[in-house]
Amino acid sequence: MSFFGRSSGSSTPNQQPYSRLPPGSTSSVPSSGHRVPPPRHDDPRAYEKQTYGRQAAQSHAAFNVTGAPNDVLALSNCLIVNPGDFSQGQHVIVKQQYPLTVRHDTTGKIGPGSVGAGSLQRQWVGLSLSGDQVTVEPYRGTPLYLSSVDIEAGFMRRGHEIAESFSADEMAQNFLRAYNGVIFTVGQLLVFEFHGQMLKLQVVGMQTVDLMNAAPSQGQAGQTGIIMEKTDITFLKAADSSLKLKSSAKKAPPNAILAPNFKFEDMGIGGLDSEFSTIFRRAFASRVFPPALVEKLGIQHVKGILLFGPPGTGKTLMARQIGKMLNAREPKIVNGPEILNKYVGASEENIRKLFADAEKEYKAKGDESGLHIIIFDELDAICKQRGSTQGSTGVGDSIVNQLLSKMDGVDQLNNILIIGMTNRLDMIDEALLRPGRLEVHMEISLPDEKGRLQILNIHTDKMRTNGVLDHDVDLLELAQQTKNFSGAEIAGLIKSATSFAFSRHVKVGTMAGISDDIENLRVNRVDFMNALDEVTPAFGVAKEELEQVVQNGIVHFDSIIDDILRSGQLFVDQVRTSTRTPLVSLLLHGPPGSGKTALAATIARASDYPFMKLVSPDDMVGFSEGQKVAAISKVFADSYKSPLSVIVVDSVERLLDFTPIGPRFSNAVLQTLLVLLSRRPPKGRRLLVIATTSLRPILTDLGLSESFDSEVRVPPVSSLHSLEIVLDEVDLIRDPRERQQTMQMLQQAGFGADADAHGINIGIKKLLTMIEMARQEPDAVGERLVTSLMGLGM
Numbered sequence: 001m002s003f004f005g006r007s008s009g010s011s012t013p014n015q016q017p018y019s020r021l022p023p024g025s026t027s028s029v030p031s032s033g034h035r036v037p038p039p040r041h042d043d044p045r046a047y048e049k050q051t052y053g054r055q056a057a058q059s060h061a062a063f064n065v066t067g068a069p070n071d072v073l074a075l076s077n078c079l080i081v082n083p084g085d086f087s088q089g090q091h092v093i094v095k096q097q098y099p100l101t102v103r104h105d106t107t108g109k110i111g112p113g114s115v116g117a118g119s120l121q122r123q124w125v126g127l128s129l130s131g132d133q134v135t136v137e138p139y140r141g142t143p144l145y146l147s148s149v150d151i152e153a154g155f156m157r158r159g160h161e162i163a164e165s166f167s168a169d170e171m172a173q174n175f176l177r178a179y180n181g182v183i184f185t186v187g188q189l190l191v192f193e194f195h196g197q198m199l200k201l202q203v204v205g206m207q208t209v210d211l212m213n214a215a216p217s218q219g220q221a222g223q224t225g226i227i228m229e230k231t232d233i234t235f236l237k238a239a240d241s242s243l244k245l246k247s248s249a250k251k252a253p254p255n256a257i258l259a260p261n262f263k264f265e266d267m268g269i270g271g272l273d274s275e276f277s278t279i280f281r282r283a284f285a286s287r288v289f290p291p292a293l294v295e296k297l298g299i300q301h302v303k304g305i306l307l308f309g310p311p312g313t314g315k316t317l318m319a320r321q322i323g324k325m326l327n328a329r330e331p332k333i334v335n336g337p338e339i340l341n342k343y344v345g346a347s348e349e350n351i352r353k354l355f356a357d358a359e360k361e362y363k364a365k366g367d368e369s370g371l372h373i374i375i376f377d378e379l380d381a382i383c384k385q386r387g388s389t390q391g392s393t394g395v396g397d398s399i400v401n402q403l404l405s406k407m408d409g410v411d412q413l414n415n416i417l418i419i420g421m422t423n424r425l426d427m428i429d430e431a432l433l434r435p436g437r438l439e440v441h442m443e444i445s446l447p448d449e450k451g452r453l454q455i456l457n458i459h460t461d462k463m464r465t466n467g468v469l470d471h472d473v474d475l476l477e478l479a480q481q482t483k484n485f486s487g488a489e490i491a492g493l494i495k496s497a498t499s500f501a502f503s504r505h506v507k508v509g510t511m512a513g514i515s516d517d518i519e520n521l522r523v524n525r526v527d528f529m530n531a532l533d534e535v536t537p538a539f540g541v542a543k544e545e546l547e548q549v550v551q552n553g554i555v556h557f558d559s560i561i562d563d564i565l566r567s568g569q570l571f572v573d574q575v576r577t578s579t580r581t582p583l584v585s586l587l588l589h590g591p592p593g594s595g596k597t598a599l600a601a602t603i604a605r606a607s608d609y610p611f612m613k614l615v616s617p618d619d620m621v622g623f624s625e626g627q628k629v630a631a632i633s634k635v636f637a638d639s640y641k642s643p644l645s646v647i648v649v650d651s652v653e654r655l656l657d658f659t660p661i662g663p664r665f666s667n668a669v670l671q672t673l674l675v676l677l678s679r680r681p682p683k684g685r686r687l688l689v690i691a692t693t694s695l696r697p698i699l700t701d702l703g704l705s706e707s708f709d710s711e712v713r714v715p716p717v718s719s720l721h722s723l724e725i726v727l728d729e730v731d732l733i734r735d736p737r738e739r740q741q742t743m744q745m746l747q748q749a750g751f752g753a754d755a756d757a758h759g760i761n762i763g764i765k766k767l768l769t770m771i772e773m774a775r776q777e778p779d780a781v782g783e784r785l786v787t788s789l790m791g792l793g794m
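So for the sequence shown, full-length UniProt numbering puts the first residue at 1; every next one is plus one.
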């Protein structure tokens with residue numbers, strides 16, 4: 001009995017299966033020493049004319065069903081007929097829905113009115129050998145030709161396993177030689193002999209082409225087409241088979257990543273072009289190429305990407321868009337805390353469930369498996385450093401262990417991509433960050449001016465399209481004025497601007513009524529300027545804090561004040577332009593109340609740097625040592641996210657908790673300042689640190705003075721001439737005669753122009769306080785001021 005049919009005919013040992021004909025052979029299926037010439041399709045249109053121009057010699061309404069006469073004819077996957085019924089190579093329709101190609105019976109076992117079919121063909125069409133009859137009619141119309149065919153392959157015998165791996169390229173070549181000119185349809189079952197193994201094939205997809213105009217049409221279930229020499233054959237491993245298939249080294253499989261010719265702006269992301277390019281090169285470039293080529297290189301695909309950076313910079317948005325731009329499964333998006341479960345082992349089970357689909361498909365298809373993307377938001381919530389949490393149940397450590405084993409354990413998966421996001425890179429367990437796990441680390445930092453312009457264009461696109469953005473709005477100007485704004489903060493800025501536009505069209509006296517001219521609503525430049533005052537970036541300028549310490553402005557009572565400001569400007573320019581000194585630190589020292597903080601804040605504000613922060617002990621009252629260290633470290637860490645930053649460290653001795661009784665100080669804060677004042681910022685970042693102190697000698701004893709690049713002394717008011725300049729600037733005494741009398745009184749009190757034992761030596765801050773006290777007695781301003789100065793023991 002034949003393996004493929006019920007007929008007693010069998011092939012001889014010397015016969016070669018039809019699928020193993022040598023290249024260039026013009027023979028078809030050998031049978032009993034006869035060769036049947038197959039239809040050639042070097043000129044498919046000529047073939048159509050030949051085949052469909054002839055009528056079948058005989059066409060019955062119904063044909064008796066029998067098995068294939070021998071295995072060779074069964075391997076042709078054609079309908080075997082008597083030569084008197086149909087023409088050789090003619091295409092027919094069986095049961096009015098199954099297209100097949102006809103082959104003549106060369107054994108004489110198929111009589112007129114009968115057709116033979118192999119077991120797989122009978123299974124596909126639904127034929128029975130027990131007296132079944134079937135309708136066979138010539139194919140009506142002109143079938144299209146196939147530009148590509150996707151075929152799933154597996155062993156004929158279920159559970160059969162061999163060690164040999166089959167080359168998809170070699171299988172495709174043999175398939176084209178064997179079935180050139182044969183008609184196929186989606187869902188069709190085939191038998192195919194390769195390297196002595198019987199394979200079961202199923203057509204799962206096809207793409208047809210009209211040779212008259214070369215217009216492709218995407219194949220769908222039930223669509224048919226004819227194999228030709230230029231047809232692109234792609235073999236895929238069947239899910240239920242143990243067949244080992246070497247992917248093609250010439251072409252990417254249908255589950256490869258889509259072509260990377262997309263625009264990020266169209267995806268709603270701006271300012272991240274370079275980051276996307278780097279991610280694509282590191283994580284996705286290897287997936288674009290055929291798996292067999294990657295296998296030749298001996299590498300594995302990148303399995304993990306870690307996106308870190310400040311909040312609101314687009315990490316989550318980027319991760320979601322990565323999933324959309326790829327030809328992959330729908331990404332699984334998981335918030336870190338959602339993994340945690342109160343039941344023992346349930347958290348680890350949640351991790352395993354995330355990888356279940358990828359494991360199942362990889363086991364079935366191997367490298368032909370599609371890409372599975374798992375996105376972890378707030379990764380630091382579940383992947384903290386193991387052993388860092390004291391007194392816990394160890395659930396966090398178990399989750400990290402489970403994740404490590406799934407990503408890079410004994411049974412490695414090559415069809416997964418893990419994308420983690422965090423604001424705290426320092427909290428992530430180090431084992432997750434090494435190659436093989438989350439090996440691509442990408443900082444999503446604050447956008448530059450070009451990036452901010454892209455983001456503004458994205459968020460105002462509908463406004464411009466619908467004509468509600470006024471013509472006086474210059475997006476380039478807004479991009480220049482939104483330094484250190486994240487993408488989320490720019491979106492908030494636009495919302496704020498629209499709220500100002502809405503408020504102009506609200507009826508007076510009510511918040512519910514809308515004015516009648518609502519159709520004239522426009523968002524204009526004034527709205528955006530108001531929004532800039534309302535929305536401030538988290539990593540921006542501490543405007544209110546700096547303004548507060550310079551409430552009274554700078555009093556230029558001596559030329560040295562101008563010199564200090566000029567020197568400060570030189571340091572600012574040095575940090576901005578110099579390539580050798582990305583970090584510059586300046587120490588302003590002098591007696592208490594001499595205006596050191598005001599001068600430092602003035603220099604910082606004049607720098608116009610996008611990041612300005614004030615580190616003041618006033619904001620750390622009640623802080624423990626650890627809290628102080630964390631607060632100071634955070635300010636410096638935030639400054640590294642901006643291209644240009646200035647930090648004012650006020651009253652260093654008070655930050656150190658220094659007291660002369662003992663003496664004592666906070667060594668933890670001291671060590672923190674020693675490290676931070678000497679640490680160079682990251683590449684592309686520049687930092688200016690301006691510190692102030694009233695106890696300069698103490699810093700020498702503590703070894704802190706060596707950390708500063710330069711020192712500038714801020715003098716007190718020390719002469720009558722300086723005092724007179726101060727009085728003029730604050731306009732304390734307007735009457736010239738009264739002012740002259742006041743100066744004479746100061747000289748008589750011992751505050752002469754020539755510095756004697758009672759020379760003036762008072763800080764400008766304290767002097768201004770005394771002046772304001774004297775102003776409270778309008779009739780005796782001069783006397784009150786002299787009395788106050790004498791009361792200080794000067």
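Note that beta-carbon positions come from the ideal geometry of N, C-alpha and C, so glycine has one too. For clarity, every value in this text was computed on a predicted model and none was experimentally measured.
Beta-bridge pairing of residue i - partner residues as DSSP gives them
{"i": "Leu587", "result": "Ala691, Glu711"}
{"i": "Leu644", "result": "Arg686"}
{"i": "Asn441", "result": "It is worth fixing the name first, because residue 441 is His in this sequence and not Asn. Partner(s): Leu306."}
{"i": "Glu152", "result": "Gln202, Leu236"}
{"i": "Thr422", "result": "Phe308"}
{"i": "His91", "result": "Thr101"}
{"i": "Gln671", "result": "Gln671 is not bridged to any residue."}
{"i": "Met612", "result": "Val541, Val646"}
{"i": "Leu417", "result": "Ile373"}
CB contact flag (residue i, residue j, <9 angstroms)
{"i": "Asp650", "j": "Val615", "result": "yes"}
{"i": "Ile419", "j": "Ile322", "result": "yes"}
{"i": "Leu655", "j": "Ile632", "result": "yes"}
{"i": "Ile490", "j": "Ile444", "result": "no"}
{"i": "Phe355", "j": "Lys303", "result": "no"}
{"i": "Ile647", "j": "Leu599", "result": "no"}
{"i": "Val400", "j": "Ile375", "result": "no"}
{"i": "Leu583", "j": "Leu687", "result": "yes"}
{"i": "Ala538", "j": "Ser486", "result": "yes"}
{"i": "Ile603", "j": "Gly568", "result": "yes"}
{"i": "Leu768", "j": "Val730", "result": "yes"}
{"i": "Leu120", "j": "Asn82", "result": "no"}
{"i": "Leu176", "j": "Val191", "result": "no"}
{"i": "Gly593", "j": "Ile458", "result": "no"}
Host beta strand (DSSP E) of residue i (start-end)
{"i": "Phe194", "result": "189-194"}
{"i": "Asp377", "result": "372-377"}
{"i": "Arg103", "result": "98-104"}
{"i": "Pro138", "result": "136-138"}
{"i": "His505", "result": "No beta strand (DSSP E) contains His505, which DSSP labels as neither H nor E."}
{"i": "Thr185", "result": "183-185"}
{"i": "Thr224", "result": "224-226"}
Range covered by the alpha helix (DSSP H) that runs through residue i
{"i": "Phe658", "result": "Careful: Phe658 lies outside any alpha helix (DSSP H) and carries neither H nor E."}
{"i": "Met773", "result": "764-774"}
{"i": "Lys353", "result": "346-365"}
{"i": "Leu297", "result": "291-297"}
{"i": "Ile339", "result": "336-339"}
Counting pairs of beta carbons, one from the region 377-387 and one from the region 352-367, are three or more of them closer than 8 angstroms?
In this structure the region 377-387 does not lie against the region 352-367, because fewer than three pairs of beta carbons, one per stretch, are closer than 8 angstroms.
For the region 63-72 against the region 127-134, are there 3 or more C-beta pairs whose distance is under 8 angstroms?
Yes: at least three Cβ pairs fall under 8 angstroms.
With a threshold of 8 angstroms, are at least 3 pairs of Cβ atoms found where one atom belongs to the region 713-722 and the other to the region 603-623?
Short answer: they don't touch.
Below 8 angstroms, how does it come out for the region 465-473 and the region 325-341: are there three or more Cβ pairs, yes or no?
Taking 8 angstroms as the limit for Cβ pairs, the verdict is that the region 325-341 does not touch the region 465-473.
When you compare the region 587-599 with the region 522-542, are there three or more beta-carbon pairs, one atom per stretch, that lie closer than 8 angstroms?
The region 587-599 and the region 522-542 do not touch, with fewer than 3 CB-CB distances between them shorter than 8 angstroms.
Give the list of continuous beta strand (DSSP E) stretches no shorter than 3 residues that lie fully inside the region 537-605.
Under the rule that a run must span 3 or more residues, the beta strand (DSSP E) segments found entirely inside the region 537-605 read 583-589.
Inter-stretch contact (C-beta, 8 angstroms, three-pair minimum) for the region 147-156 and the region 228-237
Segment contact: the region 147-156 against the region 228-237, three or more CB-CB distances shorter than 8 angstroms; contact assigned.
Specify whether the region 432-442 and the region 292-309 touch according to this definition: at least 3 beta carbon pairs, one from each stretch, less than 8 angstroms apart.
Contact between the region 432-442 and the region 292-309 is present, because at least three Cβ pairs lie under 8 angstroms.
How do the region 685-700 and the region 738-746 stand: do at least 3 beta-carbon pairs fall below 8 angstroms, yes or no?
With the rule of 3 Cβ pairs closer than 8 angstroms, the region 685-700 does not count as touching the region 738-746.
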